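Chemist:
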Amino acid sequence: MPQQLEVIQKLSVHRGKVWSANWHPSGKMFASCGEDKTIRIWVQDKDDWIMQAVLSDGHSRTIRDVAFSTCGNFLASASFDATVSIWDKKGAAFECNSTLEGHENEVKSVAWSVSGNFLATCSRDKSVWVWEITQNCEEFDCAAVLNLHKQDVKKVIWHPHQDILASASYDNTIKIYKEDPSDNDWICTATLESHNSTVWSIAFDKTGTRLASCSDDCTIKIWQQYEVGNEEGIITPDNEPVWKCVCTLSGYHDRSVYDISWCKQTGLIATACGDDHIRIFRESETSTKNEPIFEMETKILAHKQDVNSVKWCPSTPGLLLSTSDDGDIKLWKFNNA
Amino acid sequence: MELENINPNVFKKSDERIITEKEWDESCIDPIDAREVFDLIRSINDPEHPLTLEELHVLEENHITVDNDKNEIRVLFTPTIPHCSMATLIGLSIRVKLLRSLPSRYKISVAITPGTHTSENAINKQLADKERISASLENSTLLEVVNQCIASRSNR
Amino acid sequence: MAGFSGALKLTNLDDFITPSQECIKPVDIKKSKTGSKITIQDDGTYLEETKLGSQKLQKVEITLADCLACSGCITSAEGVLITQQSQEEVLRILNENNQAKQNNENDKIKKIVVTVSQQSLLSIAKRYELDSVETAAKHLAGYFKKLGVDYVLDTKIADDLALIEARDEFIKRFQDQKTFKLPMLASSCPGWVCYAEKTHGNFILPYISTTRSPQQIMGVLVKELLAQKLNLKADKIYHVTVMPCYDKKLEASREDFYNEALQSRDVDCVITSIEIEQMLMTEGKDLKEFEMSNFDWPWNQIKTPENFIWAHELSGSGGYADFIFKHAVKVLFNQDVSELEYKNLRNPDFKEVTLEKDGQVLLKFAIANGFRNIQNLVQKLKRSKSGYHYVEVMACPSGCLNGGAQIRPQNNQQQKELTRELEEMYRSLPKSLPYNDDVKNIYDEFFGGNDSDKSQKLLHTNYHAVEKMNTALNIKW
């Protein structure tokens, strides 16, 4: 019987830790980054993934995260050198056309809003910045500096359909933000507290009404959004939706969980763990909105060291990308997608 | 910078390990034990005193646990005074020395001996955060101090 | 404590260790005796146990000035402020002084002077539901007088002087752009100045106007001019200001505002609007219960102004952009403008106004409020793309009326709604003409004219880039 999760290809070109990799919205390309201060662009050539470009002159320290814009024409990279670089995709080549400065120290994560109007970044300086994008990514104006976390902010992500932002922090909380139309400033509408240690990563499901989080406390949590006037009768103070933790997956992970990916097509959840394993979870048939049940489908020793990131492909169901401290990028096929 | 603990207690160093014939045998599978881990880190220098962490009893062999089945190594260290502001730096030095010396399969944790520091939880959390550790080692000034701490005495 | 403005919070902030541990200021520690052991008590104090018994160890004291001179955390300054500049400190000084007065200990008696900012008066008037700011001001003056304050002043005279000085400085800079860089950036917001010094240092400091803020001009007037009038030495006056923001406490603590010769600080203690509310709450009284009293106007013995509370042009932050723009249009281009039309940029807290002739921009001013717009401004300056001649920069969104230490909204009112109401109240106040007889008088009789050496020295200040400290042992990671 074939393994449920099979390696398709292993790419060993980065030197040192590979911190992150992220898909192009087409699913036909991805970018990876790491300790070696380079970004590598990968494309599919028949059955193989090959390296198309190396971007090595953008940052002076570790590159922690990379993200493609929704339109697919731009790539943003976040670095420990406190800057964010914006790269224009010009055919097969990439050109760095702007550098965003403002964070005091290491930038940990970068994300483009689905609308294409905003970019979010976060840093060890405890702040989350929202940048407003003007005219085809020519200018990035600071739309908000959100100093609401008490510690290092590890991750920022955008809602799949709206300009709603979420951030995860070393202060054990997750925060949700939206724009206040009265003065275009950004406000925090919810703080999600339940984890006992650093929240390393978060992921929305395809509807944006659910959020999954993974933490140094070795658990995964599923959060459900309850709108104002919800039928469950859950109180919504300040006329903003509230988020409730409706499910905690504990006992599965042996060490810190560094990344989580919620597939928009299959609904499968993949996790990257400090115990070198990748785990896949599926929502059970008896699961309900208010009491969801997730079951572990498979668990595989994926890398020789910590797994740092996992990302489901946006176009091919079951195709998964992982990166690790061992210097490798791996592409996986989940056979039961 | 003034010393925080001017006159720390100084303890006797433990004896050198006797290397047996079997240990020289390359063919023999030889899992790492607590004593070996201790030998790797006992000579780390205190950032403030011209003394090793062993001499200050910051490190003790019986505070090291090795689980070879799970590839886990856990080191507890005891700051000389409960508000020692050097504790994170000492912890970082221990962690860096072990990361550089041990095979990469080992999961290393470095933490403060329970009840011996006022900011124990905060320091342990920082020392367990691999991203913060990685970033700190790209700070050349900090790296220089860490390297000085973990350089063996003869090299100084 | 609500804390400093966002700009300061971001600056070199620190991680999780408490201020006492974070502080990297080297201090002298007495050598402990051999063989002692230190234990921590439940209350967080340290006990040193020696053969002779145990003894409580003293905590090392760090002053606010130490914090300002250090590139480390600003957050621990907050803890220091609580002890050095607080309502408790003001009440303690007042009590001591009242005691000294009772016991006729003449050498101990000081004149206590309180200066109240307009922004605080508006906030207090709103909180105690007094429609007339003038009435609120009089009740507040009555409260201070009852506490034993000798003089209660408003900032009008200093606001006027700050505008005149900033205006003249702008003209000077505009006419000599070989020596001076434009835009000139406003200097009255201490949060902005502190952020600039700590984060952008020598790049940004040459742009910042050297004109002192109204608080510090008031400091000079009280400790030098008023002292002269009262025939007192400066250290016999204790000067308290009431301000809309915590950052003003940092400003008063700057070394530049300590007069070595007089052995005295221009402003001894800053308390904020919200602390006035707390003081009244502790007394268990409403402001209206205190008898009304007039503000003092020591600047002109013959004629006091018909109002105490005045507005200055459009912005509740002092009206610098409007006032300087109108003056510059007149002086530099010989034109008159009555109403300025601002154009909002990407958000209402960043707006600009221009003077054009034949499609050419002659003057371009902006108002940039809040930390996000400080960022946008700094980035524009770095790319030399601003084109501005003057920018009124304030660290708080909506400027000083929405200062970080203004009294919080009551009854679930939104902060923004409250700010709007304060702005409306501000606009209904009578407008001050900064170049009036009293100001002229002070220039002539005290400063020896406009642009005299004395006015340059006492109405202007310097900025200092804070060097990043690279003591490896204390790097935060």
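Chains as they are written, first to last, in the UniProt record's numbering: chain E, 1 to 337; chain P, 1 to 156; chain D, 1 to 477. Idealized CB from N, CA, C, for every residue including glycine. Computed from a prediction, not measured in an experiment: that's the story for all the values here.
#1: Looking at D:Asp286: is its Cβ nearer than 8 Å to the Cβ of D:Tyr128?
#2: In or out: D:Met281 buried (at least 16 other Cβ within 10 Å) or exposed?
#3: Since E:Asp48 is in the alpha helix (DSSP H), which residue starts that stretch and which ends it?
#4: Can you pull the chain E neighbours of P:Ala111, defined as C-beta to C-beta under 7 Å?
#5: Could you check what DSSP says for D:Met292 in three-state terms: helix, strand or coil?
#6: Just tell me which of P:Arg17, P:Val10, P:Lys13 and P:Leu142 has its CA closest to the CA of P:Met86.
#7: Measure the C-alpha to C-alpha separation of P:Leu53 and P:Glu61 and round it to an integer number of angstroms.
#8: For P:Thr113, which of P:Thr78, P:His49, P:Asn68 and P:Ser43 has the nearest alpha-carbon?
#9: Figure out for me which residue from E:His253, E:Gly27 and E:Asn105 has the closest Cα to the Cα of P:Arg132.
#10: Report all residues from its chain with a CB closer than 6 Å to the CB of E:Ala120; omit the five preceding and five following residues, and keep chain order.
#11: For D:Lys382, which residues in the same chain have their Cβ closer than 8 Å to its Cβ, ignoring the five residues on either side in sequence?
#12: State yes or no: is the beta carbon of D:Pro26 nearer than 8 Å to at least one beta carbon in chain E?
#13: For E:Leu211 and E:Asp183, I'd like the C-alpha separation in whole angstroms.
#14: Please name the residues in the segment 128 to 150 of chain E whose beta-carbon is closer than 7 Å to at least one beta-carbon of chain D, in chain order.
#15: Taking the DSSP output, what are the residues bridged to D:Val393?
#16: Kindly indicate which three-state DSSP category E:His149 falls into: helix, strand or coil?
#17: Mind pulling the chain D residues with CB within less than 7 Å of E:Ser79?
#18: Under 8 Å by Cβ, that's how I've got E:Ser261 and E:Cys218 pegged, so tell me the actual separation to the nearest angstrom.
#19: If I measure Cβ to Cβ from P:Val146 and keep anything under 7 Å in the same chain, skipping five residues before and after, which residues do I get?
#20: What residues of chain B sit near P:Ala128, judged by a beta carbon separation below 9 Å?
#21: Spell out whether any CB of chain D is found under 8 Å from the CB atom of E:Ser182.
#22: Any beta-carbon of chain D closer than 8 Å to the one on P:Thr52?
#23: With a threshold of 8 Å between beta-carbons, can E:Asp65 be considered close to chain P, or not?
#24: How would you list, in chain order, the residues of chain P whose beta-carbon sits under 8 Å from the beta-carbon of E:Lys17?
#25: Could you tell me whether the Cβ of D:Lys326 comes closer than 8 Å to any Cβ of chain E?
#26: Which whole-angstrom value describes the C-beta separation of D:Ser273 and D:Ser428, a residue pair presumed to lie in contact below a C-beta threshold of 8 Å?
#27: Would you please verify whether the beta carbon of E:Gly102 is less than 8 Å from any beta carbon of chain D?
#28: Please decide whether E:Asp185 counts as near chain D, where near means a Cβ-Cβ distance under 8 Å.
#29: Starting from D:Asn376, find everything on chain E with Cβ-Cβ shorter than 7 Å and list it in chain order.
#30: Would you grab the beta carbon distance between E:Trp42 and E:Val114 for me? Rounded to a whole angstrom, and I think it's under 8 Å.
#31: Check whether chain E comes within 8 Å of P:Lys138, counting only Cβ atoms and requiring the distance to be less than that.
#32: Let me see if you follow: with CB-CB separation under 8 Å, is D:Asn347 close to chain E or not?
#33: For chain D, is any of its Cβ atoms less than 8 Å away from the one on P:Leu142?
#34: Can you find the residues in the same chain that come closer than 7 Å, C-beta to C-beta, to D:Asp256, ignoring five residues on each side of it along the sequence?
#35: Between which two residues does the alpha helix (DSSP H) containing P:Arg42 stretch?
#36: Out of P:Arg17, P:Ala122 and P:Asp39, which has the shortest C-alpha to C-alpha gap to P:Val75?
Modeler: Reading it off the structure:
#1: yes
#2: exposed
#3: No alpha helix (DSSP H) holds E:Asp48; the beta strand (DSSP E) holding it covers Asp48 to Leu55.
#4: Per Cβ cutoff of 7 Å: no residues; P:Ala111 is ~13 Å from chain E at best.
#5: coil
#6: P:Leu142
#7: 11 Å
#8: P:Thr78
#9: E:Asn105
#10: Ala111, Val130, Val156 and Leu165
#11: Phe203
#12: Interpretation of D:Pro26 is limited by its pLDDT of 47, a score under 50 that renders its predicted location unreliable; no figure is taken from the coordinates.
#13: 28 Å
#14: Glu132, Asp141, Cys142, Ala143, Ala144, Val145 and Asn147
#15: D:Ala368
#16: coil
#17: Within 7 Å Cβ-Cβ: nothing; E:Ser79 doesn't reach chain D, min ~16 Å.
#18: Not a contact, Cβ separation roughly 18 Å.
#19: Leu92, Ser93 and Val96
#20: This model lacks chain B altogether, as its protein chains are E, P and D.
#21: yes
#22: no
#23: no
#24: Ser134
#25: no
#26: About 19 Å; that fails the 8 Å criterion.
#27: yes
#28: yes
#29: Simply Asp141 and Cys142.
#30: So it is not a contact: roughly 23 Å between Cβ atoms.
#31: In the sequence as presented, Lys is not what sits at residue 138 of chain P; that position holds Glu. By this cut-off, P:Glu138 is an interface position.
#32: yes
#33: yes
#34: Thr461 and Asn462
#35: Annotation for P:Arg42: no alpha helix (DSSP H) segment contains it, and DSSP assigns it neither H nor E.
#36: Nearest option by C-alpha distance: P:Asp39.
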